[in-house]
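Trainee:
There are 2 protein chains.
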Amino acid sequence: MSVLIVGSTALDSIKTPRRENPKLLGGSASHAAVAASFFSPVNMVGVVGEDFPSKYTRLFKRHGIDLAGLQVKPGKTFHWSGEYEANMNNRRTLLTELGVFETFSPELPRPYQSSPFVLLANIAPALQLHVLRQMRRPRFVVADTMDLWLNIALEDLLALIKLVDGFVLNDSEAQQLTQTDNVFNALKKIHRLGPKYVIIKQGSHGSILSGPKGFFLCPAYPVSGLVDPTGAGDSFVGALMGYLARARGSTDAHIRRAMIHGSVVASFCCEGFGLNRTVTATPAQIDERVKRLEQITRF
Amino acid sequence: MSVLIVGSTALDSIKTPRRENPKLLGGSASHAAVAASFFSPVNMVGVVGEDFPSKYTRLFKRHGIDLAGLQVKPGKTFHWSGEYEANMNNRRTLLTELGVFETFSPELPRPYQSSPFVLLANIAPALQLHVLRQMRRPRFVVADTMDLWLNIALEDLLALIKLVDGFVLNDSEAQQLTQTDNVFNALKKIHRLGPKYVIIKQGSHGSILSGPKGFFLCPAYPVSGLVDPTGAGDSFVGALMGYLARARGSTDAHIRRAMIHGSVVASFCCEGFGLNRTVTATPAQIDERVKRLEQITRF
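Just so you know, the sequences run in chain order A and B. Taking this note's numbering, the leading residue of the first sequence gets 1, the next gets one more, and so forth. Taking this note's numbering, the leading residue of the second sequence gets 1001, the next gets one more, and so forth.
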């Protein structure tokens, strides 16, 4: 089955202590779509400007990503520029040029409206809601977010959270949203806002699911050569949704292994700038890392 | 088989945002010995003053801890006082009164010298070395440490690390020792200093073993009611050594489950002040939490 992915499509200029990388392919939808494409067909909705390099369009196509929902508008593609500190844990935004993203209104091509799996990757919650209103009874909807929306669009975000099956956020966002620094208490509080499945991402420490079958502590795949963590969270949730769309049977039966595959694809993302390493991953390499995660967590 | 545990025996006065707790039973050896006692006989070496409350001596005895190596000296018991911040992650020392600990020289009763399992819990590395020199071919020696010794006794610590089978430290100590913030690279660097087994503790994120059979990502047991994390690391390594001493067969065959039992006993430690909750844990409760850890990590 296919996954519908809506989010940002951007050009990312990423500075780390070692290198500068101008105008890499980035954005939550780009990372999530490529990650999901390892497992299932992907329909992507986003917007780019006329400056969007055709090599990136070709990259999406090579990954079997349907671009009928990718609007091309007069103007410039959303451009984000950020800098990582030496420890790669803290990043600072240097520049945000919204370009065509400023007036983005995600409109779903008719065939997309019946997608069974929907990933509302990180964009303004008002846009995520706008997408959800166009859907015809999707089977499983997951939303991701970022701290910005907690600060400037909390009301929209709370309206969205009520309507989704799964909600994904990182630990500092969970702390901000729930006013508790205990991750297990935060999970309980977020359930009360609506979603049946809540996943709190903890970066290199993995992630924690709380769902109908209780908690699942999902390990991160060990990355010893961290190059650029941008998009790792989007890759995680993209692969998770792609895996679920491919799997037969109930979400409960598959969500743990879906998260494990998310961890693995996120590890590839971290090993290169932008999508450079992710796009070279093979199904065999993914399987190998899943097996390794089994091996190093078994007891 | 029995475990020999050497470390500090102290009175801890612990302030948290909610409560003050004067003169709880504390110290690395106390926490480790009680934790180990759930699994095997324990011989404890330490020093206390004449003010050491008899109720704490009785507590050790109730746990089957042999006190032939616990020196009682004229003067006061080591007293540490600390305060936790609201998030319980940062603590600040308010007071350190060494008392009889200042001139402590751990001397092993003759029967202790042939203990097969030796835990050098956190004390000055010179004292840990002094203990090691008294041992007759122990089967498995593990040392723990703290940031203080990295700062003021690095040379002794490096001499110690060369001689032990296993070395345990937390993530910030590992970063300080190896000058790398990637935990997997830090593990590799510490192996080069000597030990075959290296464990980096990551607090509520669990711990990572690197040993002859590769990595093991050990989860922390979910604690939703964190009361006082003091001694959690000592409990972890104490239970680990107690479990190994009880197990038959090779260390490699048992160390993963030993760490899991360490996580579980550490979780009890966190749920009460000092040793208050640890001492009420039962073997059945420990088994139940081990089963729960299996359940929430399986995929």
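Glycine is no exception: its CB is placed at the ideal position from the N, C-alpha and C atoms.
(1) Starting from Pro22/A, follow the beta strand (DSSP E) in both directions and report where the run begins and ends.
(2) Distance, Cα to Cα, Phe1078/B vs Thr1103/B?
(3) Check distances from the C-beta atoms of the segment 205-227 of chain A to those of chain B and list, in chain order, the residues that come in under 7 angstroms.
(4) Among all the DSSP beta bridges, which residues are the ones paired with Thr93/A?
(5) When the Cα of Ser263/A is compared with those of Ala247/A, His254/A, Val290/A, Ala253/A, which residue comes out closest?
(6) Which residues mark the beginning and the end of the alpha helix (DSSP H) in which Lys213/A is found?
(7) Going by C-alpha distance, which of Gln113/A, Leu240/A, Gly274/A, Leu160/A is nearest Ile286/A?
(8) Taking CB distances under 8 angstroms as the criterion, tell me whether Phe299/A reaches chain B.
(9) Would you report the Cα separation of Cys270/A and Leu1004/B, rounded to the nearest angstrom?
(10) Roughly how many angstroms lie between the CA atoms of Ala1153/B and Ala1124/B, to the nearest whole one?
(11) If you compare alpha carbons, which of Ala121/A, Val131/A, Lys162/A, Arg133/A is closest to Thr145/A?
(12) Below 8 angstroms CB to CB, which residues in the same chain sit around Leu163/A once its five sequence neighbours on both sides are set aside?
(13) Which class does Lys162/A belong to by DSSP, given the choice of helix, strand or coil?
(14) Go ahead and pull the three-state DSSP assignment for Leu223/A.
(15) Answer with buried or exposed for Thr1280/B, where buried requires no fewer than 16 other C-beta atoms within 10 angstroms of its C-beta.
(16) Specify, as a first and last residue, the run of the beta strand (DSSP E) that Met259/A falls within.
(17) Would you please verify whether the beta carbon of Ile1199/B is less than 8 angstroms from any beta carbon of chain A?
(18) Please classify Gly7/A: is it buried, with 16 or more other beta-carbons within 10 angstroms of its beta-carbon, or exposed?
(19) Kindly indicate which residue of Ala1029/B, Thr1297/B, Phe1299/B has the alpha-carbon position closest to the one of Leu1119/B.
(20) If you measure from the beta carbon of Asp181/A to each beta carbon in chain B, is any gap under 8 angstroms?
(21) Along the segment 263-289 of chain A, what residues have a CB closer than 8 angstroms to any CB found in chain B?
(22) Going along chain A, which residues have a C-beta under 7 angstroms from Phe1236/B?
(23) Please report the distance separating the alpha-carbon of Pro283/A from that of Tyr1243/B.
(24) Taking only the alpha-carbon atoms, compute the straight-line gap between Tyr1218/B and Thr297/A and give it to the nearest angstrom.
(25) Can you tell me where the beta strand (DSSP E) holding Gln71/A begins and where it ends?
(26) Flag this pair as yes or no: are the beta carbons of Ala1035/B and Gly1238/B separated by less than 8 angstroms?
(27) Could you tell me the distance, in whole angstroms, from the CA atom of Val1223/B to the CA atom of Ser1267/B?
(28) If the criterion is Cβ atoms closer than 8 angstroms, does the pair Glu97/A and Lys73/A meet it?
(29) For Met1135/B, which of helix, strand or coil comes out of DSSP?
(30) Going by DSSP in three states, Gly194/A sits in which element: helix, strand or coil?
(31) Quick one: what's got a C-beta closer than 6 angstroms to Ala1186/B's C-beta in the same chain, skipping five residues either side?
(32) Please confirm whether Gly26/A and Val100/A have their CB atoms less than 8 angstroms apart.
(33) Return the CA-CA distance between Ser1115/B and Leu1127/B, expressed in angstroms with no decimal places.
(34) Look at the alpha carbon of Phe117/A and the alpha carbon of Gly272/A, and state the distance between them as a whole number of angstroms.
(35) Gln1202/B CB to nearest chain A CB: under 8 angstroms?
(36) Quick check on Phe1167/B: does DSSP put it in helix, strand or coil?
Mentor: In terms of the structure at hand:
(1) 20-26
(2) Roughly 11 angstroms between the two C-alpha positions.
(3) His205, Gly214, Phe215, Phe216, Leu217, Pro219, Pro222, Ser224, Leu226
(4) Under DSSP, Thr93/A shares a beta bridge with Gly82/A.
(5) Val290/A
(6) Element bounds for Lys213/A: n/a, residue is neither H nor E.
(7) Leu240/A
(8) Contact with chain B is found for Phe299/A, since one of that chain's Cβ atoms lies less than 8 angstroms from the residue's Cβ.
(9) 44 angstroms
(10) 8 angstroms
(11) Out of Ala121/A, Val131/A, Lys162/A, Arg133/A, Ala121/A has the C-alpha closest to the C-alpha of Thr145/A.
(12) Leu129, Leu132, Val141, Gly194
(13) helix
(14) It is worth fixing the name first, because residue 223/A is Val in this sequence and not Leu. In this structure, Val223/A counts as coil in the three-state DSSP scheme.
(15) In summary, Thr1280/B is exposed, with fewer than 16 beta-carbon neighbours lying within 10 Å of its beta-carbon over all protein chains present.
(16) Element bounds for Met259/A: not the beta strand (DSSP E) but the alpha helix (DSSP H), 251-270.
(17) No, Ile1199/B does not count as interfacial toward chain A.
(18) buried
(19) Ala1029/B
(20) yes
(21) none
(22) Residues of chain A passing the Cβ test: none, with the nearest at roughly 15 angstroms.
(23) 40 angstroms
(24) Here the sequence assigns Cys to residue 1218/B, which means Tyr is not the residue at that position. So the alpha carbons of these two residues sit roughly 7 angstroms apart.
(25) 65-73
(26) yes
(27) 6 angstroms
(28) Cβ distance not < 8 angstroms, so Glu97/A and Lys73/A don't count as in contact.
(29) Three-state result, Met1135/B: coil.
(30) coil
(31) The beta carbon of Ala1186/B sits closer than 6 angstroms to those of Ala1174, Thr1178, Thr1180, all from its chain and outside the five residues before and after it, given in chain order.
(32) Contact flag unset, no.
(33) 17 angstroms
(34) Cα to Cα, the separation comes out at about 28 angstroms.
(35) yes
(36) Secondary structure at Phe1167/B: strand, using DSSP grouped into helix, strand and coil.
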